[in-house]
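Novice: Here it is, the structure in full.
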């Protein structure tokens, strides 16, 4: 009781600060926690005419149906393989690019390159998918024509399942690598210039200063970003995959999120699709907590 009074007193004394927090809290309660009420249909046979509360409970039937389905292992493999492929290629590139930007001393050149690399981030997913399809078109695609000009036989990038994951990952690298450098450049701005001056006096080369001063400085930021990426490992956005998907590359492009879309919105299996989506979220939470715990035990950097 005493603690509640002291908490209320503190809130009253700093009401202006809590007023600033109010819009963010309302946003999360309305758009993130409020819809979680509907998760219960994963354990029911949801019938729209009966409503959420009136539908019959079925326990874990929808989860068992998904785990025993013919598509389960293929969906899990495609989702994990694309996610880890994207993590292996897309995660280190912004770090390397930020370290390179930090060493560029020519101001106009640095700003020009940064602008060019940031620009693809502002292209919408629909436009991006259209550009990829146009560039890789077997009849008139710019990339296909360039490969033919060099004397090679171009692959069927959008119809061959073996190429889908590479197209997806590297188009994502093109779109997000430049934007991803911003956080690391901000971390690099905190490097003490005196450390570099002392290293120069000791004869350290630029590469050694990057490896022994700049890189250790951004290790905490790298760790936090890695934890956040691992926590979203099964959270592949379905928009770009769905736009690039066709019947010929379905073998490699069908992931959990696209399966949820088809089951829920196309086939109206609301309870089943909610169960699959809930499974996806639970795996993400487990991965997030596990990686955070490993990071906490092996270093001083963690989310909590």
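Residue numbers (full-length UniProt numbering): 1 to 304.
Note that beta-carbon positions come from the ideal geometry of N, C-alpha and C, so glycine has one too.
#1: With respect to the alpha helix (DSSP H) encompassing residue 251, which residues constitute its N-terminal and C-terminal limits?
#2: With C-beta atoms as the reference, is residue 271 less than 8 Å away from residue 44?
#3: So, is residue 216 buried or exposed, given that buried needs 16 or more other C-beta atoms within 10 angstroms?
#4: Residue 162 to residue 73, Cα distance in whole Å?
#5: Using alpha carbons as the reference points, say which of 100, 68, 48 lies closest to residue 207.
#6: In angstroms with no decimal places, state the Cα-to-Cα distance between residue 94 and residue 180.
#7: Under DSSP, the alpha helix (DSSP H) around residue 304 begins and ends at which residues?
#8: Is it true that the CB of residue 249 sits closer than 8 Å to the CB of residue 158?
#9: Among 6, 54, 51, 75, which residue has its Cα nearest to the Cα of residue 276?
#10: Output yes or no for whether 8 Å exceeds the beta carbon distance between residue 244 and residue 167.
#11: Give the range of the alpha helix (DSSP H) segment to which residue 47 is assigned.
#12: Suppose the cutoff is 7 Å on Cβ atoms and the five residues either side in sequence are ignored; what does the same chain contact list for residue 155 look like?
#13: Quick check on the DSSP output: the alpha helix (DSSP H) that includes residue 167 runs from which residue to which?
#14: Taking 8 Å as the CB-CB limit, is residue 214 close to chain B?
#15: Report yes if the C-beta distance between residue 256 and residue 288 is below 8 Å; otherwise report no.
#16: With DSSP run on the structure shown, which of helix, strand or coil describes residue 74?
#17: What first and last residue would you give for the alpha helix (DSSP H) that runs through residue 204?
#18: Hey, would you say residue 172 sits closer than 8 Å to residue 239, going by beta carbons?
#19: Alpha carbon to alpha carbon, what distance is there between residue 84 and residue 293?
Specialist: According to the structure data:
#1: The residue given as residue 251 occupies position 251 in the chain shown. That run of the alpha helix (DSSP H) goes 250 to 253.
#2: In the chain shown, the residue the question calls residue 271 occupies position 271. In the chain shown, the residue the question calls residue 44 occupies position 44. The answer is yes: Cβ separation under 8 Å.
#3: Taking the first residue of the chain shown as position 1, residue 216 is located at position 216. Residue burial is scored here from C-beta neighbours: residue 216 has fewer than 16 other C-beta atoms within 10 angstroms and is therefore classed as exposed.
#4: Numbered from 1 along the chain shown, position 162 holds the residue referred to as residue 162. Numbered from 1 along the chain shown, position 73 holds the residue referred to as residue 73. In this structure, the straight-line span from the alpha carbon of residue 162 to that of residue 73 is close to 18 Å.
#5: Mapped onto the chain shown, residue 207 falls at position 207. When each option's Cα is compared against that of residue 207, the closest is 100.
#6: Your numbering for residue 94 matches position 94 in the chain shown. Your numbering for residue 180 matches position 180 in the chain shown. Using only the alpha carbons, I get a separation of about 5 Å.
#7: Counted from its first residue, the chain shown places residue 304 at position 304. The continuous stretches of alpha helix (DSSP H) do not include residue 304, and DSSP gives it neither H nor E.
#8: Numbered from 1 along the chain shown, position 158 holds the residue referred to as residue 158. Numbered from 1 along the chain shown, position 249 holds the residue referred to as residue 249. Yes, they are a contact pair.
#9: Reading the chain shown from its first residue, position 276 is the one you call residue 276. If we check each option's Cα against that of residue 276, 75 comes out closest.
#10: Residue numbering aside, residue 244 sits at position 244 when the chain shown is read from its first letter. Residue numbering aside, residue 167 sits at position 167 when the chain shown is read from its first letter. Yes, these two residues count as a Cβ contact at 8 Å.
#11: On the chain shown, residue 47 is found 47 positions in, with the first residue counted as 1. That residue, residue 47, is in no alpha helix (DSSP H); it is neither H nor E in DSSP.
#12: Locating residue 155 in the chain shown gives position 155, where the first residue counts as 1. Excluding residues within five positions, the ones whose Cβ falls inside 7 Å are 163.
#13: Residue numbering aside, residue 167 sits at position 167 when the chain shown is read from its first letter. Per DSSP, residue 167 belongs to the alpha helix (DSSP H) from 161 to 188.
#14: Here there is only one protein chain, and chain B is not present.
#15: For the purposes of this step, residue 256 is taken as the residue at position 256 of the chain shown. For the purposes of this step, residue 288 is taken as the residue at position 288 of the chain shown. No.
#16: Locating residue 74 in the chain shown gives position 74, where the first residue counts as 1. In the structure shown, residue 74 sits in a helix (DSSP, three-state: H, G or I).
#17: Counting from one through the chain shown, the residue named residue 204 turns up at place 204. Per DSSP, residue 204 belongs to no alpha helix (DSSP H) and is neither H nor E.
#18: Counting from 1 along the chain shown, the entry for residue 172 is found at position 172. Counting from 1 along the chain shown, the entry for residue 239 is found at position 239. If you check the CB distance, residue 172 and residue 239 do not come in under 8 Å.
#19: Your numbering for residue 293 matches position 293 in the chain shown. Your numbering for residue 84 matches position 84 in the chain shown. Taking the Cα positions, residue 293 is about 20 Å away from residue 84.
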